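Enquirer: Residues -6 to 151 (the numbering used here) make up the sequence shown, in order. Positions of the beta carbon are idealized from the N, C-alpha and C atoms, including for glycine. As the structure is a prediction and not an experimental result, all values here were calculated from the model. I have a structure here, written as structure tokens, and I will follow up with some questions on it.
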Amino acid sequence: MLDTRLASLHLELEKVASRLARLQQLRSEQSLRRDAIRQAMSANGGNRLAQIEAEIGRQQSLKDERARRSAHYEQLAQALGLSGAASDESFHANQRAIDSGQEKCVALRNECQNSLTEAGVLVRELGASHGELTVELESLRQRRSNIPVQMLKLRELL
-6 MLDTRLASLH
4 LELEKVASRL
14 ARLQQLRSEQ
24 SLRRDAIRQA
34 MSANGGNRLA
44 QIEAEIGRQQ
54 SLKDERARRS
64 AHYEQLAQAL
74 GLSGAASDES
84 FHANQRAIDS
94 GQEKCVALRN
104 ECQNSLTEAG
114 VLVRELGASH
124 GELTVELESL
134 RQRRSNIPVQ
144 MLKLRELL
């Protein structure tokens, strides 16, 4: 009984070994065929397909970037009360409006700067006048007469 079982297992082992050898040979043949197909694809423009796919990827990235920049421009145009850039004419009209607005802003800034400078000068002049008046008031408080300080200094010099 063991001998028959051993014989059947040995027969089974030979079948599996035979099947394994056939599958390994088939795998080797298919690998060679795959390599031949790849080489044929390369020879017949297969690399060109890869190049085209890469170019499509680059163009898609460029398109996405331009769409993002366009959306950003639309937001800025709306914030400034301008129309979107649907055509070259509207874009150039927006550009002229922005240039004009920029010139007005620069003129307003310069005018404000001049006003600020004039106000600073006036504050300094008023500060000096305030200082003189403070000295005069202090002098009047300390004296018996109301004769101005300059007259008293002149009197002392004489």
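How close, in whole Å, do the beta carbons of residue 87 and residue 78 come, if the pair is a contact with beta carbons under 8 Å?
Expert: The pair is a contact, with the Cβ atoms about 6 Å apart (cut-off 8 Å).
Enquirer: Can you check whether the CB of residue 133 is closer than 8 Å to the CB of residue 139?
Expert: The answer is yes: Cβ separation under 8 Å.
Enquirer: In this structure, does DSSP put residue 124 in helix, strand or coil?
Expert: Helix.
Enquirer: If distances are taken between C-alpha atoms only, which option among 66, 35, 50, 119 comes closest to residue 84?
Expert: Cα-wise, what sits closest to residue 84 is 66.
Enquirer: Determine whether the beta carbon atoms of residue 70 and residue 76 lie at a separation below 8 Å.
Expert: Yes, these two residues count as a Cβ contact at 8 Å.
Enquirer: Would DSSP call residue 21 helix, strand or coil?
Expert: Residue 21: helix per DSSP, three-state reduction.
Enquirer: Measure the C-alpha to C-alpha separation of residue 105 and residue 48 and round it to an integer number of angstroms.
Expert: One C-alpha to the other measures close to 54 Å.
Enquirer: Check whether the Cβ atoms of residue 142 and residue 129 sit closer than 8 Å, and answer yes or no.
Expert: Contact: yes.
Enquirer: Taking the C-alpha atoms as reference points, what is the distance between residue 7 and residue 18?
Expert: Going from the Cα of residue 7 to the Cα of residue 18 covers about 16 Å.
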